[in-house]
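In the order they appear, the protein sequences are chains R and Z. Residues in the first sequence are numbered consecutively from 46, following the working numbering. Residues in the second sequence are numbered consecutively from 657, following the working numbering. Below: the structure, in structure tokens.
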Amino acid sequence: MVYILDTNTLGDFWRYGENKPLGKRLARIPNPQENRRISVITFEEMIGGRALDLRRDPNNVPDLQPLHVRYHWLMETYARLRDYYPPFPFDEAAQAIFESIPKAIRNNTRVNDCKIAAIAVHNDCTVISANQKDFSRIETAIPVKWEDWTTEDS
Amino acid sequence: MARTLSYDYNIFISGVHAGIGVAVRAIVNTQSKTAADAISVSGHAQTFPAPFANDPTWDSFMRSIEEYRDLSDAFERSLE
């Protein structure tokens with residue numbers, strides 16, 4: 046079974062390791078290089094988030110870390126993402142699946158979750174996400190397999 | 657002639673040994689790195705490493721990701 050971690054799932058894993066049930070399960074995935082994967086959307090969000098973080102105004106954000114510290118963690122993020130290279134691409138087939146999701150659903154969910162779902166459908170993978178609200182909606186439109194591993198009984 | 661052959665043979669064997677030595681050192685170095693990595697993993701309180709456990713920018717980073725998603729959503733909806 047090949048799993049695609051969404052951005053928050055990967056973030057939780059990076060932040061807490063095996064100190065949470067989610068991390069314990071992720072760490073047990075056999076042959077992680079093949080089976081514990083991410084999509085290019087997570088690459089985009091991780092780097093995009095770091096880039097936005099560099100543009101915070103210290104006058105408006107209390108306790109903002111110095112710029113050099115934020116740059117350091119940008120580099121660390123990039124280095125860690127390389128462990129997950131190559132990500133699943135958002136290719137032509139994934140785009141076609143994404144565009145088959147009705148606008149009414151795309152407009153009421155995170156658009157990037159719709160893209161991750163489309164990538165997962167195209168590659169026959171299971172998404173690991175705690176975003177039950179959005180994936181419950183998306184699965185009414187496309188046959189995405191997803192699981193929430195943040196709950197003990199999942 | 658026999659002496660020349662022997663000399664050439666010895667040079668050849670020396671070269672082979674040197675080559676093997678380089679190859680073995682390369683393998684040993686690779687394995688040492690792998691072993692060191694394994695130690696760093698197992699040395700982390702028997703848990704999978706959490707490389708961002710001490711990231712002081714983490715909360716701000718998470719807010720930035722949410723903001724980035726807001727921008728992505730707004731862009732998608734502007735395409736209608």
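For each residue, glycine too, the CB sits at the ideal point set by N, CA and C.
- Boundaries of the beta strand (DSSP E) harbouring TRP191 (chain R): 190-192, taken from the DSSP string.
- Looking at the DSSP output, LEU50 (chain R) sits in a beta bridge with R:ILE83 and R:ILE173.
- DSSP places PHE708 (chain Z) outside both helix and strand once states are collapsed to three, so it counts as coil.
- Under the DSSP assignment, PHE717 (chain Z) falls in the alpha helix (DSSP H) whose first and last residues are 714-734.
- In the three-state reduction of the DSSP assignment, PHE135 (chain R) falls in the coil class.
- Chain order gives no chain Z residues near GLU144 (chain R), where near means a beta carbon separation below 7 Å; the closest approach is about 11 Å.
- In summary, GLN110 (chain R) is buried, with 16 or more beta-carbon neighbours lying within 10 Å of its beta-carbon over all protein chains present.
- Cβ atoms of THR87 (chain R) and PRO132 (chain R) come within 8 Å of each other, at about 7 Å.
- Taking 7 Å as the CB threshold, SER716 (chain Z) lines the interface with chain R.
- Rounded to the nearest angstrom, the Cβ distance from ASP51 (chain R) to SER174 (chain R) is 4 Å, consistent with a contact under 8 Å.
- Interface annotation, ALA706 (chain Z): in contact with chain R, CB-CB separation under 7 Å.
- Annotation for ASP98 (chain R): ARG115 place their beta carbon closer than 7 Å to its own, counting only its chain and skipping 5 residues before and after.
- By the rule that beta-carbons nearer than 7 Å mark a contact, GLN110 (chain R) touches chain Z.
- A distance of 7 Å or more separates the beta carbons of SER720 (chain Z) and VAL156 (chain R).
- Shown here, VAL106 (chain R) sits in coil according to DSSP, grouped into three states, outside any helix or strand.
- Using a CB distance cut-off of 7 Å, ASP726 (chain Z) does not count as an interface residue toward chain R.
- Taking the beta carbon of THR52 (chain R) as reference, the chain Z residues within 9 Å of it are ILE721 and ARG725, listed in sequence order.
- Taking C-beta atoms as the reference points, ARG733 (chain Z) and ASN176 (chain R) fail to come closer than 7 Å.
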